[in-house]
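Here's the structure, in C-alpha cells; my notes come after.
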Amino acid sequence: MTIRRRNFLKKLSAGAATVSAFASRALAKPTAKPIVVSTWNHGINANAAAWEILQKGGTSVDAVEAGVRVTEAEDNLSVGYGGLPDRDGQVTLDACIMDEKGECGAVACLEGIKHPISVARLVMDKTPHVMLVGEGALKFALDEGFEQENLLTKRAEKAWQEWLKKAEYKPIINVENHDTIGMVALDADGNLSGACTTSGLAYKMHGRVGDSPIIGAGLFVDNEVGAATATGMGEAIIKICGAHLIVELMRQGNSPQQACEKAVRRIAKQKNAQDIQIGFLAISKQGEVGAYSLQPGFNFAQNDQQANRMKDVSSFY
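Sequential numbering of the sequence shown, starting at 19, is according to this note's numbering.
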C-alpha cells in the first residue's frame, strides 16, 4: 500500500509540474526582439545608435556601448563631456557594462576621459578585474590609447561658479538625476546586455561614487531572466542593491513592472525618501519592459520594430 501510494504521488507530482510548465509557456508573451530601452529623454539619441547595431544583427553588448557613448559625447551638463563638476570643480565620471555571459567591467572617479563606458568595456575584456578607480583607471585608459582632455566646459564652469556663491548642496528632484543614462538591450539572438554611465551628482564631495558603476546597484544582467538599470539618488539605490533586486524578483516570477514597483517601495521606506528621486527600468528575457519611479517625472526611451519613442512612467508618490 505504501509503495503504491508513493508511486501515485510521484506520478501526480510529475503531472502537475508538466501542467505548470505548459501554463507558464502559454502565458509567456511573444519575444519582442531586438529591443533597447534607456533612461531619460537623452535616451532617444542613444537608442538610435544602439538600434543601428541591433537591426543589423549585432550584439547587445556592442549596442549598449555605442548607445551610451552618444550621450557621453553630448555637451548637456549631464553625462561625460560637459557634465557638472564636483564641489571642487572637477568632472569625475563613473560607468559600468555587463554582457550576456555575466562578464562585467567598471570605472569610477575617472577624470579627463570622455568615454568612460569604453574604458569599462576594456576593463571587462582585457583585465582580470571588475572595477578600476581614480588614478589607476586613468592610467589604464591612457595605456589603452584614450586621450585625456578637459571635460569642464565653459557652461558647466559658469554653473559651478554660480553654485559656489552659496555652496549649498540640495539635490533637485528630476534635475540632477538626469546625470545618468542606463541602457539595457535584447538582441536578435535573444541575448541581454546593459550599460550605465554618469558624471555623478553635481557638486558632490570629491571622490563620491554613486550606484551607476556598481554591478548589482546601477546595473545588473542575467541572461536567463532579464536586465535592469537605475537612475536617481545613488546612495538609496546602493542600499537595496537595486538592479540585482529587480532581476531576482523577476526570477521569482514577477514581471519587470512588478519587480520595479517592489524595489521602489523598498526605497520609499528609507529616511527622507520623499525628498529624492529614484527610477528603475527593466527588461525580461521575453522583451517585456517595466519601469517605475519614486516621484513623478521619470521617463524612458524605447526603440523596437515599431519606433523610437519616449514613455512616461508612473510613480509611488
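Note that the Cβ used here is the ideal one computed from N, Cα and C, for glycine as well.
Check: If you check the beta carbons only, do V82 and G212 fall under 8 Å apart?
Finding: Within the sequence shown, numbered from 1, the residue matching residue 82 stands at position 64. Within the sequence shown, numbered from 1, the residue matching residue 212 stands at position 194. The Cβ-Cβ distance between V82 and G212 falls below 8 Å.
Next item on the list: With distances taken Cα to Cα, identify the nearest neighbour of D293 among L312, G120, S332 and V282.
Entry: Here residue 293 refers to the residue found at position 275 when the sequence shown is read from its first residue. Ranking L312, G120, S332 and V282 by Cα distance to D293 puts L312 first.
Item checked: Burial state of Y187, where buried means 16 or more other Cβ atoms lie within 10 Å -> On the sequence shown, residue 187 is found 169 positions in, with the first residue counted as 1. Around the Cβ of Y187, a 10 Å sphere holds fewer than 16 other Cβ atoms; the residue is exposed.
Checklist line | Closest residue to C127 among V137, G152 and D117 (Cα-Cα distance) | finding: Within the sequence shown, numbered from 1, the residue matching residue 127 stands at position 109. Nearest option by C-alpha distance: G152.
Next item on the list: Can you have a look at S217 and say buried or exposed, based on whether 16 or more other CB atoms are within 10 angstroms of its CB?
Entry: Taking the first residue of the sequence shown as 1, we reach residue 217 at position 199. Its Cβ being crowded by 16 or more others within 10 Å, S217 is buried.
Next item on the list: Could you round the C-beta distance between G297 and A248 to whole angstroms and report it? I think they count as a contact, below 8 Å.
Entry: Locating residue 297 in the sequence shown gives position 279, counting from the first residue. Locating residue 248 in the sequence shown gives position 230, counting from the first residue. Rounded, the Cβ-Cβ distance is 7 Å, consistent with contact.
Note to self: What does the alpha-carbon distance come out to for the pair L169 and M149?
What the structure shows: As a working note, residue 169 is residue 151 in the sequence shown. As a working note, residue 149 is residue 131 in the sequence shown. Between L169 and M149, the C-alpha separation is close to 22 Å.
Next item on the list: Compare the Cα-Cα distances from D106 to each of A67, D330, A254 and A177 and report the closest residue.
Entry: Counted from its first residue, the sequence shown places residue 106 at position 88. It is A177.
Check: So is the beta-carbon of G75 under 7 Å away from any non-hydrogen atom of the ligand SAM?
Finding: In the structure shown, the ligand SAM is absent, as is every other ligand, since no ligand is present at all.
Check: Per DSSP, which one or two residues make a beta bridge with A245?
Finding: Here residue 245 refers to the residue found at position 227 when the sequence shown is read from its first residue. A245 pairs with V239 and I301.
Notebook entry, point to check: Apart from the five residues just before and just after R283, which ones in its own chain have a Cβ nearer than 7 Å to its Cβ?
Noted result: In the sequence shown, the residue the question calls residue 283 occupies position 265. Here the set comprises F334.
Next item on the list: Return the first residue and the last residue of the alpha helix (DSSP H) that G252 is part of.
Entry: Residue numbering aside, residue 252 sits at position 234 when the sequence shown is read from its first letter. It spans G252 to I256 - the alpha helix (DSSP H) in which G252 sits, taken as one unbroken run.
Note to self: Checking 8 Å against the spacing of the C-beta atoms, do I256 and A281 come in under that value?
What the structure shows: To locate residue 256, count along the sequence shown from 1; it is residue 238. To locate residue 281, count along the sequence shown from 1; it is residue 263. No.
Notebook entry, point to check: What is the DSSP secondary structure of R284, counted as helix, strand or coil?
Noted result: On the sequence shown, position 266 is the one that residue 284 refers to. The answer is helix: DSSP assigns R284 an H, G or I state.
Next item on the list: Out of A291, A246, I264 and L267, point me to the one whose CA is closest to G253's CA.
Entry: The sequence position of residue 253 within the sequence shown is 235, counting from 1. It should be pointed out that residue 253 corresponds to Glu in this sequence rather than to Gly. Taking the Cα of E253 as reference, the smallest distance to any Cα among A291, A246, I264 and L267 is reached at A291.
Next item on the list: Would you mind sorting M401 into buried or exposed? The rule is 16 or more other CB atoms within 10 Å of its CB.
Entry: Summary: the structure shown does not reach residue 401, with the chain confined to residues 19 through 335, and so no result is reported for it.
Checklist line | Whole-angstrom distance between L237 and T77, CA atom to CA atom | finding: Taking the sequence shown and counting its residues from 1, one reaches residue 77 at position 59. Taking the sequence shown and counting its residues from 1, one reaches residue 237 at position 219. In this model, T77 and L237 are separated by some 18 Å (Cα to Cα).
Notebook entry, point to check: Who does I115 pair with in a DSSP beta bridge?
Noted result: Residue numbering aside, residue 115 sits at position 97 when the sequence shown is read from its first letter. BP columns for I115 point to G123 and A213.
Note to self: Please return the same chain residues whose Cβ sits closer than 7 Å to the Cβ of V109, not counting the five positions on each side in sequence.
What the structure shows: For the purposes of this step, residue 109 is identified with residue 91 of the sequence shown, where counting begins at 1. Cβ contact annotation for V109 (same chain, cutoff 7 Å, sequence separation greater than five): G101, P103, E129, L169, L170 and S217, in chain order.
Check: If we ignore side chains and look at the alpha-carbon of each, how far apart do G200 and L219 end up?
Finding: Working through the sequence shown from its first residue, we reach residue 200 at position 182. Working through the sequence shown from its first residue, we reach residue 219 at position 201. Rounded to whole angstroms, G200 to L219 spans 15 Å at the Cα level.
Next item on the list: Determine the direct distance from the alpha carbon of V265 to that of R43, and round the result to whole angstroms.
Entry: Residue mapping note: residue 43 aligns to position 25 of the sequence shown, counting from 1. Residue mapping note: residue 265 aligns to position 247 of the sequence shown, counting from 1. Annotation note: pLDDT 33 at R43 (below 50); position unreliable, no value reported.
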